[in-house]
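Asks: One structure coming up, written as structure tokens, with questions to follow.
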Amino acid sequence: MKKLICGNAVVGQSGGPTCAINATLAGVIRGAKQHPGHIRTLYGMRNGIEGLMREELVTLTGKYDAEEQLALLGQTPAAALGSCRKKLPDPAEDPGFYERMLGIFRKYDIRYFFYIGGNDSMDTVAKLSAYLREHDYDMAVLGLPKTIDNDLAGTDHTPGFGSAAKYIAVTMQEILLDCAVYRVPAVTVVELMGRDAGWLTAASALGRGVTGLEPDLVYLPERRFDPARFLADVRGALARHPNVVVAVSEGLRFADGRYVGQGCQSGAKDVFGHSYLAGTGKVLEQTVRQEIGCKVRSVELNLPQRCAAHLASAADLAEAEGVGRAGVSAAASGVSGEMMTILRTGSSPYRVEFGHTDVAAVANRIRYVDDAYINAEGNHVTDACCAYLLPLIQGEPAVTYANGLPEYMVL
């Protein structure tokens, strides 16, 4: 693959934010500084591809690339450049959209395009890569993975997931301890994010090998939900002890494919056709109340799963930053049309390497929780699952504080 000419670069963030998405952005900024012969100026898109089309660009080179600033950026949650959820049209159906985009690339001499995002963002990278291959414009297009859902194919795990998993594991420990103080029979249902893949919900069991505390039951969307079996499981747990805690994925579905929480949902969908999910925990709370009659409540962890930077995983932030730097190096060597990946090369000790894979083979695919990670009954995870997850939540980053609160960076 030929080397690309010297020019400018642009980076954007897309989809749901994470605790680590800004660490990847910091990695891209550092990487650009390490390749001055390829990248003269690095721009940031405001609100992803939408901001690019409006030419809302912020100059990052020389303005936000001091090491002190990058360290602060790396500990800041959410997407510092802003995000969007925009589905790119098919080039054959709307060629004018791509012609306008190409005009912007020419205007700003953009030769490197980095997009930090999940499944839908990789669709953007794949479409743009395919379009540029058919037009006379030398440019490297790279996808940089992020998603708390850990459902991207082609990579061992995704930046952002480890920090979300750590928050869930810690919060679940606290909920379990809180629920254990009374002897009154009670059920607490904790709803966790995860539309199609149950990786986040699986992380609720990580206390198993550390403190011995874990939910009584764990239900993932990889298994169809049976209400009768659920009630039998809850009754069995109540027979063992009075305080039962259940972890459930928001994306649980019945055998006919309907979401368990469908009755509590608006029915609205995003531009990629994804339903807005909510209410699974509330539905199961009502089911337990009606069928079992004990004290019951539901807890929805919601947004803190992706923005609780005070419980970030140091391992996650380091890998997120490394993916950004490695992506710039790959692009500078001529790699394009690829998504950067994390390869697990060792477990004891835990080690990873960065690679890349064809983004077209990754876009719009879902990586589900492995069958070997779900128990035979479909109501919990296995020890192998915990062993896979545990290295991803290791370490506590050195966070700077001011007047008792963490310092964050606003671009």
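Under my numbering, the sequence shown has 130 at position 138, and the numbering climbs by one with no breaks. Positions of the beta carbon are idealized from the N, C-alpha and C atoms, including for glycine.
#1: Between F89 and the rest of its own chain, which residues show a CB-CB distance below 7 Å, the 5 nearest in sequence each way excluded?
#2: For G95 and L44, I'd like the C-alpha separation in whole angstroms.
#3: Does the distance from the C-beta atom of V320 to that of F106 stay below 9 Å?
#4: Should I284 and V226 be called a contact, given that it needs their Cβ atoms to be closer than 9 Å?
#5: Rounded to the nearest angstrom, how far is the Cβ of M164 from that of Q297, given a contact under 8 Å?
#6: Would you say A304 and K158 are within 9 Å of each other, going by their C-beta atoms?
#7: Do L65 and L34 have their beta-carbon atoms positioned less than 9 Å apart in this structure?
#8: Tell me the DSSP secondary structure of E292 in three-state form.
#9: In chain order, what are the residue ranges of uninterrupted beta strand (DSSP E) at least 3 long that sit wholly in the segment 62 to 111?
#10: Which residues in the same chain as A24 place their Cβ atom closer than 7 Å to its Cβ, once the five residues preceding and following it in sequence are excluded?
#11: With H, G and I counted as helix, E and B as strand and the rest as coil, what does DSSP make of M401?
#12: Going straight from the alpha carbon of E311 to that of S241, what length do you get?
#13: Starting from the C-beta of D101, find all residues in its chain whose C-beta is less than 7 Å away, skip the five residues before and the five after it, and write them out in chain order.
#14: Could you tell me the distance, in whole angstroms, from the CA atom of Q26 to the CA atom of G204?
#15: Run the CB neighbour count on G29, radius 10 Å, all protein chains shown included, and call it buried at 16 or more, exposed below.
#16: Tell me whether F264 sits in a helix, a strand or coil according to DSSP, three-state version.
#17: Which value, in whole angstroms, describes the spacing of the CA atoms of T10 and E292?
#18: Can you tell which of A379, G135, T392 and A353 has its C-alpha closest to the C-alpha of Y365?
#19: Determine contact between the segment 190 to 197 and the segment 220 to 234, defined as no fewer than three beta-carbon pairs at a distance below 8 Å.
Replies: Result, derived from the coordinates:
#1: P81
#2: 11 Å
#3: yes
#4: yes
#5: The pair is not a contact, with the Cβ atoms about 11 Å apart (cut-off 8 Å).
#6: yes
#7: no
#8: strand
#9: 102 to 109
#10: A1, I31, L34, T53 and V320
#11: coil
#12: 26 Å
#13: G(-1) and N0
#14: 46 Å
#15: exposed
#16: Legend: pLDDT at F264 = 45, less than 50; position of this residue unreliable, value from coordinates given subsequently. Note: F264 maps to coil in three-state DSSP.
#17: 18 Å
#18: A379
#19: no
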